[in-house]
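Chemist:
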Amino acid sequence: MEQIYLDSIKCVSGDAYEIIASIFHTILFNRAVGTVKPKDHKIEGYEICYVSVSDQGINERLSTEIKKFVKKLNASESKAGEFKLHFTKPVMWSFSSQTWEEWILEIKIIEQQLQQEEESNNENFGKGIREQVKKIFKKIITHVNFTLSNQDYFPQIKDSENPIPFKFKFETTIL
C-alpha cells in the first residue's frame with residue numbers, strides 16, 4: 063500500500079469544508095478513467111479553482127463525509143484531524159478489501175481571532191493558504207501522472223461504467 067501524505071493546512075472553520083473538498087475532488091478527478099465530465103469550482107476569497115467529476119453520487123458521498131468531519135473537528139478540543147481517502151481492491155478468496163493507495167490530509171482549525179492576528183502580522187494570509195493548496199494540487203497531479211506509467215500499480219478494473227472504477231472509502235481521525 064502506498065501512503066501519500068499531503069502538506070498540512072491551517073484554516074478557519076468556515077473555510078475548512080471548501081479546502082478539503084477542493085483537495086479530495088482533485089484526487090478523485092485525477093483517478094477517474096475514461097470519458098468524464100468535469101465540473102469547475104472556485105473557492106471565493108482564495109482565488110482557488112479546481113475540477114471535480116460531475117457525478118452526483120460521488121459529490122454527495124464526499125460532501126457528507128467532509129461535513130461530518132468538519133463538525134467533529136469543531137467539537138474537538140484539539141481542532142486537528144486527518145481526512146483520508148483509501149482506494150481499495152478486493153482480496154482474492156475473501157469478502158474483504160485491501161487498500162492499495164491512501165491519501166492523507168492533516169488539517170487544523172484556527173480561531174477567527176487567531177486568523178485576524180495572523181492577517182495583521184502577515185497581510186498575505188489568504189495567499190499563503192492558496193499557495194499551500196496549489197502545492198498540494200501539484201503533488202496530487204505529479205503522483206497520479208507518475209503512477210499512470212506503471213500499469214502494475216493499479217488493480218484490475220472491473221467496473222468501467224463508473225467515472226471512478228476503483229472502490230474507495232473515506233476515514234477521518236481527530237488528533
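Per the numbering used here: the sequence shown = residues 63 to 237. Heads up, the beta-carbon is just placed ideally off N, CA and C, and yes, glycines get one too.
Going by the beta-carbon positions, is the gap between E164 and H148 smaller than 8 Å?
Modeler: Yes, these two residues count as a Cβ contact at 8 Å.
Chemist: Using a Cβ-Cβ cutoff of less than 7 Å, which residues in the same chain neighbour K72 once the five nearest sequence positions on both sides are dropped?
Modeler: Result list for K72: K170 and I172, in chain order.
Chemist: In the DSSP assignment, what are the bridge partners of W155?
Modeler: Answer is none; W155 lacks a bridge partner.
Chemist: Report the CB separation of L68 from L135 in whole angstroms; it is logged as a contact under 8 Å.
Modeler: About 16 Å; that fails the 8 Å criterion.
Chemist: P46: which of G143, Y79 and K229 sits nearest, CA to CA?
Modeler: Residue 46 lies beyond the range of the chain shown here (63 to 237); nothing can be said about it.
Chemist: By the three-class DSSP mapping on this structure, what secondary structure does E109 have?
Modeler: Three-state DSSP puts E109 in coil, outside helix and strand.
Chemist: In angstroms with no decimal places, state the Cα-to-Cα distance between H103 and I85.
Modeler: In a straight line, the C-alpha of H103 is about 12 Å away from that of I85.
Chemist: Under a Cβ-count criterion, where at least 16 other Cβ atoms within 10 Å of its own Cβ denotes burial, should G143 be classed as buried or exposed?
Modeler: Result: buried.
Chemist: Mapping the DSSP letters down to three states, classify L237 as helix, strand or coil.
Modeler: It is coil, neither helix nor strand.
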